[in-house]
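In this note's numbering, the protein residues as written are -14 to 373.
All C-beta atoms in this analysis are idealised placements derived from N, C-alpha and C, irrespective of residue type, glycine included.
Predicted, not measured: the structure shown is a model, and the values here were computed from it.
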């Protein structure tokens, strides 16, 4: 997409923000000639303050949610032939002057989603917003392996192709989490831009975020996205490769595996994936090894299949027995030599404790050793690929 072809639409969803809407729209219109206001079923008749302004307005007959308003705007942007749209809130929290920062970012990265990073210092931001920012960032990293500074900020720029290619189901505040995660899975870059934010004093603050209901929606969405991220099966990409053999499909599993090894699983990533799998596989997390490994591999953007495969080296009885022996020795000064119902059955909790103690020492050693072996083996395989 060439920079000359960029056509940007500013989108302002509004629901009962008559006191701030006019100022936000006028300041935005001074920077972007194309502005769309989506009235999501407001009951304060605030849209009247926009009379005489050269903007586009769309009204929902009833309140459908912020996500629904953004999807409506995306449909209109597509009809108008826009390439991008910038979303900002109507309540005055976002400074329209920062629109130029997002425009610059679009010109530099036209295929990326640009997400504002709210600078909370001196903004009067409530603690719930600060906590929500970090909490949402954590789960986004677990689900995608990517670091984004503020996944809850609604001051964003989207390529219109995002809405054409992704299946988006959320209609409320949870939409802004869903679209980021699914876009990251689809291979779109996500870039941060620092933006200012202003929170009025509490008595003047108007928020339509319903703590219980909206947090419940976001929690259910995060649960669903996290479970999907734990499945080591690739997501459909928006930015397709030109090579037809560079597609991952069940119809050609060998070709797909060869592509993954050549394109994604570098020796360093293979070694790190294996080391994490072995490290966590050594711990006495009975019944939770697979879950821990999948979450950790996703968080650090490692290969889940390699991590799970390496963790099989830690299956009983050898590695747990070594951990128990080390832990027993550290507790008693000698090794456990009696194997009986009493020592392994009645004293099972003690053995579990010793397994944990021993794993503290054995896990780093095993993970480093296995990681080194995997690295050199993968390095040899990679060289053979390049020599062909």
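- Just measuring C-alpha positions, the residue of 17, 20, 34 sitting nearest residue 2 is 34.
- DSSP places residue 5 in the uninterrupted alpha helix (DSSP H) bounded by 3 to 14.
- When only Cα atoms are considered, residue 128 and residue 212 end up about 9 Å apart.
- The three-state secondary structure of residue 270, taken from DSSP, is coil.
- Counting C-beta atoms within 10 angstroms of its own C-beta, residue 258 has 16 or more neighbours from the protein chains shown and is therefore classed as buried.
- Rounded to whole angstroms, residue 317 and residue 361 show a C-alpha spacing of 39 Å.
- Counting of Cβ neighbours within 10 angstroms places residue 87 among the buried residues, the total reaching 16 or more.
- Between the C-alpha atoms of residue 112 and residue 41 there is a straight-line separation of about 36 Å.
- Shortest Cα-Cα distance from residue 93 to any of 324, 39, 142 involves 142.
- Bridge pairing for residue 102: 179 [DSSP].
- Burial check for residue -7: the Cβ neighbour count within 10 Å reaches 16 or more, so the residue is buried.
- By the C-beta density criterion, residue 51 is buried, having at least 16 other C-beta atoms within 10 angstroms.
- Distances from the CA of residue 183 to each of 98, 110, 200 were compared; the closest alpha carbon is that of 110.
- Shown here for residue 62: same chain residues with a beta carbon closer than 6 Å to its own, the five before and five after excluded, namely -6, 70, 145 in chain order.
- Residue 282 sits close to residue 261, with the two beta carbons spaced by under 8 Å.
- Contact between residue 333 and residue 309 is ruled out by a C-beta separation of about 11 Å, above the 8 Å threshold.
- Contact between residue 140 and residue 73 holds: CB atoms are separated by about 5 Å, below the 8 Å threshold.
- Looking from the CA of residue 83, the closest CA among 278, 275, 9, 163 belongs to 9.
- For residue 88, the enclosing alpha helix (DSSP H) starts and ends at 84 to 93.
- Around the beta carbon of residue 363, 16 or more other beta carbons lie within 10 angstroms, which makes this residue buried.
- For residue 55, there is no enclosing beta strand (DSSP E); the residue is part of the alpha helix (DSSP H) that begins and ends at 51 to 64.
- For residue 317, the enclosing alpha helix (DSSP H) stretches over residues 303 to 317.
- The beta carbon of residue 357 sits closer than 8 Å to the beta carbons of 256 from its chain, once the five residues preceding and following it are set aside; these are given in chain order.
- Ranked by Cα distance from residue 135, the options 126, 149, 56, 100 are led by 100.
- For residue 349, the three-state secondary structure derived from DSSP is helix.
- With a cutoff of 8 Å on beta-carbon distance, residue -4 and residue 6 are scored as not near each other.
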